[in-house]
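Peer 1: Sharing a structure, written as structure tokens. Questions coming.
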Ligand code: AMP
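Residue numbers (my numbering): 28 to 147.
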């Protein structure tokens with residue numbers, strides 16, 4: 028398992044050292060708009076715990092953290108008004124998944140058709 032880097036940019040956002048465009052916060056997650064949006068709605072949801080990736084989170088987070096995270100993602104999509112029309116969740120994971128920031132996050136993408144699946 029890859030070790031957690033406490034200096035990654037999302038850890039710094041969680042500590043309040045770097046600002047973000049916050050859309051939601053609760054006991055389990057922080058959600059904010061992506062700085063480089065690829066869709067009309069592009070929100071990042073991150074757990075408050077120190078997890079590198081989906082691999083790490085799914086293996087090591089508590090049931091409460093996993094439930095809190097999953098519920099928050101749905102709640103944020105509904106609040107953004109994109110649930111009925113539809114949206115895509117992406118969790119880029121480790122090197123082959125193209126993960127750039129090593130703190131687990133889910134991208135919520137919507138606000139219109141999000142296009143075809145990403146693999147060749
Ligand atoms: P990933 O490739 O899945 O690790 O995605 C990382 C995402 O974080 C990219 O979509 C970036 O645009 C986004 N990002 C990087 N820095 C920031 C920041 N300071 N605030 C908001 N989004 C960011």
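Just so you know, even glycine gets a beta-carbon here, dropped at the ideal spot from N, CA and C. Bear in mind that the values here come from a model prediction, so they are computed numbers and not experimental data.
What residues are listed by DSSP as bridge partners for residue 123?
Peer 2: In DSSP, residue 123 forms no bridge with anything.
Peer 1: Between which two residues does the beta strand (DSSP E) harbouring residue 73 extend?
Peer 2: Its beta strand (DSSP E) spans residues 68-74.
Peer 1: On the DSSP letters alone, give me the boundaries of the alpha helix (DSSP H) that residue 101 sits inside.
Peer 2: First-last of the alpha helix (DSSP H) with residue 101: 90-106.
Peer 1: What residue from 46, 78, 139 has the CA that sits closest to residue 204's CA?
Peer 2: Because the chain in this structure spans residues 28 to 147, residue 204 falls outside the shown range and cannot be described.
Peer 1: Beta carbon of residue 115, beta carbon of residue 137: below 8 Å?
Peer 2: Contact: yes.
Peer 1: For the candidate residues 92, 49, 33, whose alpha-carbon lies nearest to that of residue 107?
Peer 2: Residue 107 has its Cα closest to that of 49, out of 92, 49, 33.
Peer 1: Take residue 174 as the anchor and find which of 142, 33, 144, 135 has the nearest alpha-carbon.
Peer 2: Nothing about residue 174 can be read from this structure; the chain reaches only from 28 to 147.
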